[in-house]
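The next block holds one structure in the form of structure tokens; read it before the comments.
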Amino acid sequence: MALAFKRVDIRGLSSKLATEKLVSSLNNRKKDEPLWLIDDKEPLDCYEYLIQENYLFETFIMSSREYRVFVGWSYN
């Protein structure tokens, strides 16, 4: 059985809208369900939110125009 994760594409969004979309996606997922955050640049404001809320995450740089952030569970 293949693993399937929710994807949240924030490419082209302002930092504020990207963070709002991330927060909404995190609030609307099942408990401890991971997700992929996809952006065309490093999502620094989203990192700030994830750190503030104690989420585990790791960034993968796919190319100079694609960043993928794997977001796991939160310690909160």
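Residues in the sequence shown are numbered from 1241 upward in steps of one, following the numbering used here.
All C-beta atoms, glycine included, are put in the ideal place defined by N, C-alpha and C.
Computed from a prediction, not measured in an experiment: that's the story for all the values here.
For the options SER1314, ILE1301 and TYR1315, the alpha carbon positioned closest to that of ILE1278 is the one of ILE1301.
The beta-carbon separation of TRP1276 and ARG1308, rounded to 6 Å, stays under the 8 Å limit for a contact. The C-beta distance from CYS1286 to ALA1258 rounds to 6 Å, short enough to fall under 8 Å.
Distance check between ASP1280 and each of GLY1312, SER1255 and GLU1298 places SER1255 closest, using alpha-carbon atoms only. At a Cβ-Cβ threshold of 8 Å, ASN1316 and GLU1293 count as neighbours.
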